[in-house]
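Trainee:
Protein chains in written order, with the working numbering: chain A, 108 to 408; chain B, 5 to 440.
Structure below.
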């Protein structure tokens with residue numbers, strides 16, 4: 108029996124469920140892009156609330172760079188076993204082997220940019236007409252202007268100037284053949300909202316979100332998990348630190364923060380008082396002020 | 005180690021955060037009125053700007069004349085905008101205080117972006133209208149106010165900005181206030197609050213200004229925190245568009261058939277008599293589910309699953325309503341239209357209309373008039389160009405179950421889609437039933 112006044116978390120949740128059901132109702136072949144990060148894990152919980160006791164009307168799709176944290180992959184597999192839904196994996200390694208992309212070399216090599224090609228190929232091969240993602244508008248200023256239903260042309264490109272107006276709660280999902288729509292049900296959530304929701308719902312997360320001792324190296328002023336894929340050399344001094352990760356991309360582009368927060372309440376406290384915004388720990392945004400906008404135009408998540 | 009500074013809202017006790025509500029507002033005004041500066045100031049003074057964003061801000065070349073950071077940069081998200089120094093789209097910004105969470109729709113103020121403003125306003129509870137104290141009420145103030153009345157926003161805050169440029173004069177404030185109240189009366193704006201501010205200097209934005217001692221009202225932020233938006237309206241108008249039918253068809257859930265949707269308005273209770281529209285078939289609610297559990301009732305805003313006593317053919321596009329207060333059902337509707345496409349309205353072709361989960365074909369049967377949104381005069385018109393607003397009559401291929409926009413926004417608004425381009429080309433606000 109619901110007697111409480113609706114709080115903002117209930118409002119955000121109800122809106123996200125509404126958006127997920129609009130995807131189910133408006134598209135022939137949607138997919139949910141699952142990264143193993145807390146935002147896409149939140150999406151899975153919201154999808155359960157939207158469609159249970161039925162099945163999800165879409166598979167989960169994971170673009171695997173091959174440089175994932177092992178903790179992320181084991182979390183993913185356990186979660187899939189629990190929810191009993193379909194998982195499809197697109198491998199960046201396949202795109203490399205097929206010669207569609209060329210692996211970067213050198214110390215700061217990352218597969219982050221390559222995964223766009225794998226993603227677009229996976230969308231095209233499976234004829235997905237809508238891809239649900241966990242992006243939020245508070246993450247970055249280009250995202251602040253992206254619609255909840257964001258149309259991509261057949262090259263996967265986002266055209267900021269041709270965005271459709273979104274009025275009231277009406278989302279126009281009409282597209283031409285070859286186009287697809289990226290859908291962002293948690294657009295209006297902040298990082299703190301996601302964490303508060305995870306706490307309220309008691310959602311399990313990959314262990315790397317919590318403080319743990321780990322071998323790290325310091326690069327460009329950021330702490331990176333020591334791993335083979337970082338192309339480490341004699342200049343990289345491996346040290347053990349108590350760290351956690353605020354976002355989960357792959358190992359080459361996700362920096363750790365030093366932290367003792369090993370409980371969700373401590374993490375929430377830390378974020379509330381933190382003056383470093385979340386994407387500050389992502390090397391891929393540091394390239395230029397317009398880095399995210401340019402990648403989004405190219406078809407990035 | 006992550007450094008702990010002191011955001012203002014740190015005073016929120018743990019646990020309170022779950023009880024806060026949400027206020028969505030939008031700002032109308034142009035670059036010249038200091039709109040982006042005002043939003044930047046709200047974010048800056050509530051310490052909602054994070055260190056790396058601040059660093060990016062300081063590295064950019066835009067500074068005010070006195071060398072302080074140009075806060076407007078915080079809201080100008082896209083490259084083209086940074087280059088041209090104008091806001092061309094709707095940007096959403098988020099901040100919170102100890103009392104409330106806020107979503108700002110930052111919309112451009114120039115006439116060529118009227119459609120963006122209509123979009124921002126459609127998703128807001130409250131409007132902030134900026135007036136430059138040096139210029140007073142100008143043409144665009146009237147235009148912005150007209151849009152606010154068209155979209156039926158109940159709460160309006162007129163921020164008379166740049167008070168520092170007029171020596172914080174009470175006389176200037178009073179004369180602008182008087183001029184605006186004439187417009188507010190004409191447009192039937194119900195709740196209007198006037199605040200003298202300087203976004204540039206920070207007067208009366210977050211903190212009450214000592215330089216404006218003659219003003220005894222609240223600062224802008226304080227007003228935003230205390231405005232009551234959970235209006236107890238339309239409690240009887242229970243409406244839920246069906247988005248999706250849940251039918252697991254497994255052995256143990258063989259007969260399970262749940263209608264999933266979000267309640268637009270009013271509330272539904274177990275055993276309520278309901279009507280399925282447009283078919284008009286009646287039944288009763290046998291079960292309400294949300295959050296994986298059964299509920300006795302469900303209210304406006306909740307995403308739920310409803311079950312009915314009778315086995316009826318119901319699908320996406322149908323509307324479930326309480327039988328005691330049914331909406332209008334018609335194929336001919338008089339509506340206000342805001343045209344949003346560069347390609348003008350063509351009365352000879354068929355458009356698609358999307359009204360909640362229902363999509364059907366439609367034609368523009370008649371253009372009654374358009375409005376000069378700077379002077380509010382009605383003018384005769386035979387077409388609509390980008391940003392034109394006026395009154396039309398549409399005819400739909402299938403009947404729509406709707407309420408009048410002024411009585412129930414979410415069941416009274418719809419969009420037009422051009423089937424040639426699939427673009428959203430018009431916003432419709434239903435005003436009367438034109439079919440008999």
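Backbone N, C-alpha and C define an ideal beta-carbon position, used for all residues, glycine too.
1) Can you give me the C-alpha to C-alpha distance between residue 33 of chain B and residue 319 of chain B, rounded to a whole angstrom?
2) Pick out whichever of A:364, A:380 and A:360 has its Cα sitting closest to the Cα of residue 410 of chain A.
3) Going by beta-carbon coordinates alone, are residue 162 of chain B and residue 196 of chain B separated by less than 8 angstroms?
4) Does DSSP put residue 147 of chain B in a helix, in a strand, or in coil?
5) Using a Cβ cut-off of 7 angstroms, which residues of the stretch 305–316 of chain B contact any Cβ in chain A, in chain order?
6) Report the residues of the stretch 305–335 of chain A with a CB closer than 9 angstroms to any CB of chain B, ordered along the chain.
7) For a test of the three-state rule: what should DSSP assign to residue 261 of chain B, helix, strand or coil?
8) Is the CB-CB distance between residue 160 of chain B and residue 123 of chain B below 8 angstroms?
9) Could you give the residue range of the beta strand (DSSP E) that holds residue 285 of chain B?
10) Rounded to whole angstroms, how far is the Cβ of residue 247 of chain B from the Cβ of residue 361 of chain B, which I believe are closer than 8 angstroms?
11) I'd like to know if the stretch 138–158 of chain A and the stretch 349–357 of chain A are in contact, where contact means that at least 3 CB-CB pairs between them fall below 8 angstroms.
12) Quick check on DSSP: helix, strand or coil for residue 212 of chain A?
13) Using a threshold of 8 angstroms, state whether the C-beta atoms of residue 178 of chain A and residue 325 of chain A are closer than that.
14) Could you name the residues of the same chain whose beta carbon sits closer than 7 angstroms to that of residue 236 of chain B, not counting the 5 residues immediately before and after it, in chain order?
15) Just tell me which of B:286, B:433 and B:207 has its CA closest to the CA of residue 157 of chain B.
16) Which residue wins for smallest C-alpha separation from residue 339 of chain B, given the options B:134, B:264 and B:394?
17) Quick test of the definition: if touching needs 3 or more C-beta pairs under 8 angstroms, does the stretch 222–234 of chain A touch the stretch 265–284 of chain A?
18) Between the stretch 326–346 of chain A and the stretch 120–140 of chain B, do at least 3 Cβ pairs fall closer than 8 angstroms?
19) Pairing CB atoms from the stretch 221–235 of chain B with CB atoms from the stretch 311–330 of chain B, are three or more of them under 8 angstroms?
20) Whose Cβ in chain C lies nearer than 7 angstroms to the Cβ of residue 245 of chain A?
21) What residue does the beta strand (DSSP E) around residue 171 of chain A start on, and which one ends it?
22) According to DSSP, is residue 349 of chain A part of a helix, a strand, or is it coil?
23) How is residue 364 of chain B classed by DSSP in three states: helix, strand or coil?
24) Which runs of the alpha helix (DSSP H) spanning at least 4 residues fall entirely within the stretch 134–178 of chain B, listed in chain order?
25) For residue 430 of chain B, which residues in the same chain have their Cβ closer than 7 angstroms to its Cβ, ignoring the five residues on either side in sequence?
26) Fully enclosed by the stretch 168–248 of chain A, which beta strand (DSSP E) runs are 3 residues long or longer?
27) If we cut at 8 angstroms on Cβ distances, does residue 126 of chain B have a partner in chain A?
28) Can you give the Cα-Cα distance for residue 267 of chain B and residue 223 of chain A, rounded to whole angstroms?
29) Whose Cβ in chain B lies nearer than 7 angstroms to the Cβ of residue 129 of chain A?
30) Whose CA, out of A:263, A:258, A:296 and A:265, lies closest to the CA of residue 280 of chain A?
31) With 9 angstroms as the C-beta to C-beta threshold (strictly closer), list the residues of the stretch 350–372 of chain B near chain A in chain order.
32) Please report the distance separating the alpha-carbon of residue 184 of chain B from that of residue 141 of chain B.
Mentor: In terms of the structure at hand:
1) For the purposes of this step, residue 33 of chain B is identified with residue 29 of the second chain, where counting begins at 1. For the purposes of this step, residue 319 of chain B is identified with residue 315 of the second chain, where counting begins at 1. One C-alpha to the other measures close to 43 angstroms.
2) Chain A is shown from 108 up to 408; residue 410 of chain A falls before or after that span and cannot be answered.
3) For this step, residue 162 of chain B is matched to residue 158 along the second chain. For this step, residue 196 of chain B is matched to residue 192 along the second chain. One thing to note: residue 162 of chain B has its Cβ within 8 angstroms of the Cβ of residue 196 of chain B.
4) On the second chain, position 143 is the one that residue 147 of chain B refers to. Residue 147 of chain B: helix per DSSP, three-state reduction.
5) 305, 306 and 307
6) 307
7) Locating residue 261 of chain B in the second chain gives position 257, where the first residue counts as 1. Three-state result, residue 261 of chain B: coil.
8) Counting from 1 along the second chain, the entry for residue 160 of chain B is found at position 156. Counting from 1 along the second chain, the entry for residue 123 of chain B is found at position 119. No; because the gap between Cβ atoms is not below 8 angstroms, this pair is not in contact.
9) Against the second chain, residue 285 of chain B aligns to sequence position 281. Here the beta strand (DSSP E) through residue 285 of chain B covers 285–294.
10) Numbered from its first residue, the second chain carries residue 247 of chain B at position 243. Numbered from its first residue, the second chain carries residue 361 of chain B at position 357. 5 angstroms between Cβ atoms; contact.
11) yes
12) Within the first chain, residue 212 of chain A is the residue found at index 105, counting from 1. DSSP places residue 212 of chain A in coil when its eight states are reduced to three.
13) Taking the first chain and counting its residues from 1, one reaches residue 178 of chain A at position 71. Taking the first chain and counting its residues from 1, one reaches residue 325 of chain A at position 218. Not a contact, by the Cβ cut-off of 8 angstroms.
14) Translated into the one-based positions of the second chain, residue 236 of chain B becomes position 232. Residue placement at residue 236 of chain B is poorly supported in this model, since its pLDDT is 49, which falls under 50; the coordinates still yield a value, given next. Shown here for residue 236 of chain B: not one same chain residue has a beta carbon closer than 7 angstroms to its own, the five before and five after excluded.
15) Position 153 of the second chain, counted from the first residue, corresponds to residue 157 of chain B. Checking every option, the nearest Cα to that of residue 157 of chain B belongs to B:433.
16) Locating residue 339 of chain B in the second chain gives position 335, where the first residue counts as 1. If we check each option's Cα against that of residue 339 of chain B, B:394 comes out closest.
17) With a cut-off of 8 angstroms, the stretch 265–284 of chain A and the stretch 222–234 of chain A do not count as touching, because too few Cβ pairs lie within range.
18) Contact fails: fewer than three Cβ-Cβ distances are below 8 angstroms.
19) no
20) Although the question refers to chain C, the structure presented lacks it and instead comprises the protein chains A and B.
21) Residue 171 of chain A sits at position 64 when you count from the first residue of the first chain. Counting along the chain, the beta strand (DSSP E) containing residue 171 of chain A begins and ends at 167–171.
22) Against the first chain, residue 349 of chain A aligns to sequence position 242. DSSP places residue 349 of chain A in strand when its eight states are reduced to three.
23) If you number the second chain from 1, residue 364 of chain B lands on position 360. Of the three classes helix, strand and coil, the one that applies to residue 364 of chain B here is strand, per DSSP.
24) Whole alpha helix (DSSP H) segments, 4+ residues: 143–154.
25) By one-based count along the second chain, residue 430 of chain B stands at place 426. Beyond the five residues adjoining it in sequence on each side, residue 430 of chain B comes within less than 7 angstroms, by CB distance, of 341, 342, 343, 344, 419 and 420 in the same chain, given in chain order.
26) 194–198 and 237–239
27) One-based indexing of the second chain puts residue 126 of chain B at position 122. By this cut-off, residue 126 of chain B is an interface position.
28) Along the second chain, read from residue 1 onward, the residue named residue 267 of chain B stands at position 263. Along the first chain, read from residue 1 onward, the residue named residue 223 of chain A stands at position 116. Cα to Cα, the separation comes out at about 38 angstroms.
29) Against the first chain, residue 129 of chain A aligns to sequence position 22. Ordered by position in chain B, the residues that pass the 7 angstroms Cβ test against residue 129 of chain A are 247.
30) By 1-based counting over the first chain, the position of residue 280 of chain A is 173. The shortest C-alpha separation from residue 280 of chain A is found at A:258.
31) 356, 358, 359, 360, 361 and 363
32) Locating residue 184 of chain B in the second chain gives position 180, where the first residue counts as 1. Locating residue 141 of chain B in the second chain gives position 137, where the first residue counts as 1. Whole-angstrom Cα-Cα distance: 7 angstroms.
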